[in-house]
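Here is the structure we will look at.
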Amino acid sequence: MRSAVITSKLCLAAGLVIRDADSNTLSIISILEGFMPASVPVVFGQLSCLALWIREANDPERTDGTFNIRIDAEPLSVHRFNVDFQGHPQARTVINLAGMVVPHAGLLTVQMTLDTGAIAEYSFRIAQPVAITAPAAGPEPPTQ
Amino acid sequence: MNQLSIPDFRECAMVLALANTPLSLLRGIIRATAMQKLRQWDSVRLLRSYDYLTARSERNEYSIGSAYAILVASLLRLREGERIAIDASRLLWGNTLRDHLERSTIPTNRLDLHVPTKQPDIKVQTSSGPIILGSDGRPFQR
Chain G
1 MRSAVITSKL CLAAGLVIRD ADSNTLSIIS ILEGFMPASV PVVFGQLSCL ALWIREANDP
61 ERTDGTFNIR IDAEPLSVHR FNVDFQGHPQ ARTVINLAGM VVPHAGLLTV QMTLDTGAIA
121 EYSFRIAQPV AITAPAAGPE PPTQ
Chain X
145 MNQLSIPDFR ECAMVLALAN TPLSLLRGII RATAMQKLRQ WDSVRLLRSY DYLTARSERN
205 EYSIGSAYAI LVASLLRLRE GERIAIDASR LLWGNTLRDH LERSTIPTNR LDLHVPTKQP
265 DIKVQTSSGP IILGSDGRPF QR
């Protein structure tokens, strides 16, 4: 018996992923590639994760998976999701998170693992914020 | 409610008259205001209207433009996972539109999560009296 060969073609995290209802095209806004926050913890008001899956003709049309987001090795959120190909060779998964708090700097990893074994993963680094100190005081301005 | 009005029919007819390829017809119909109404129709109503418009012996730009709009609205249901058994071959560019929409459809599975913030760990320590430690360093058990 042949095992399923569903694979991930694309995985990323962005500020917003929008699907146009008429054209069925995706727009990805503000891809997260790593940044230095002003302070920690970091609060993501909106975070969208996208994965594009490809299957072959004999692969199952529906499958479940686990969505996992973690900072370094510390899990932040774990949820189950499902993928329905509806007879097509490709399917997208868009997961929107609201109000996620990242407690400290580190490597943020978004991972979607299907029960068939396919893994889609995307990582970006949240750098340790640097304390900004006020510049040293210069000479006193002349008084009149 | 959601009934096509005379301006809707007129707009579909104009899109049909101005389209010179199946793809330009598709783009025009998707942007038509009639499409907003048609996408709220159920499958039974779409099929019944399509049958009525395409079975007529008298055809004009109004009826054919509207039939194309209904066909496209039915085929767009594929993106929501609903397949309507509609005979696209009754219209000249029907099969071309159907093939194009079926090829361009990629289902999108969406999940919205509200991540609960972590509750702070609060440890309340109360003691009714002084803790007396034994020789082994442990408090006495009562």
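Listed in order, the protein sequences are those of chains G and X. Using the working numbering, you'd call the opening residue of the first sequence number 1 and step up by one each time. Using the working numbering, you'd call the opening residue of the second sequence number 145 and step up by one each time. Just so it is clear, CB atoms sit at the ideal spot from N, CA and C, and this is done for glycine as well.
- For G172 of chain X, the enclosing alpha helix (DSSP H) stretches over residues 166 to 175.
- Burial check for G87 of chain G: the Cβ neighbour count within 10 Å stays below 16, so the residue is exposed.
- For T198 of chain X, the secondary structure class from DSSP, reduced to helix, strand or coil, is helix.
- Using a CB distance cut-off of 8 Å, H104 of chain G does not count as an interface residue toward chain X.
- Along the segment 165 to 176 of chain X, the positions whose C-beta sits under 7 Å from a C-beta of chain G are I174, read in chain order.
- Annotation: Cβ neighbours of H258 of chain X in chain G (cutoff 7 Å, chain order): A98, G99.
- Look at I250 of chain X: its C-beta is under 8 Å from a C-beta on chain G.
- Fewer than three pairs of CB atoms, one per stretch, sit closer than 8 Å, so the segment 149 to 165 of chain X makes no contact with the segment 51 to 68 of chain G.
- Taking the CA atoms as reference points, R175 of chain X sits about 13 Å from N24 of chain G.
- Listed in chain order, the non-local C-beta contacts of V110 of chain G below 6 Å within the same chain comprise A13, C49, I69, Y122, local neighbours out to five positions each way being set aside.
- Positions of the beta strand (DSSP E) runs, each at least 3 residues long and wholly inside the segment 3 to 81 of chain G, are given as 7 to 19, 26 to 31, 42 to 54, 62 to 71 in order along the chain.
- DSSP places G278 of chain X in the coil class of the three-state scheme, outside both helix and strand.
- Contact note: N82 of chain G reaches chain X through N253, using a C-beta cutoff of 8 Å and chain order.
- In this structure, R183 of chain X places its C-beta atom within 8 Å of the C-beta atom of L220 of chain X.
- Approximately 27 Å separates the beta-carbon atoms of P251 of chain X and R234 of chain X; this is outside 8 Å, ruling out the contact.
- Put simply, of X:H258, X:P166, X:V159 the residue whose alpha carbon is nearest the alpha carbon of L236 of chain X is X:P166.
- T66 of chain G is not a Cβ neighbour of I6 of chain G, given a cutoff of 8 Å.
- Under the three-state reduction of DSSP output, Q86 of chain G falls in the coil class, being neither helix nor strand.
- Boundaries for V130 of chain G: no alpha helix (DSSP H) harbours it, and the DSSP string shows neither H nor E there.
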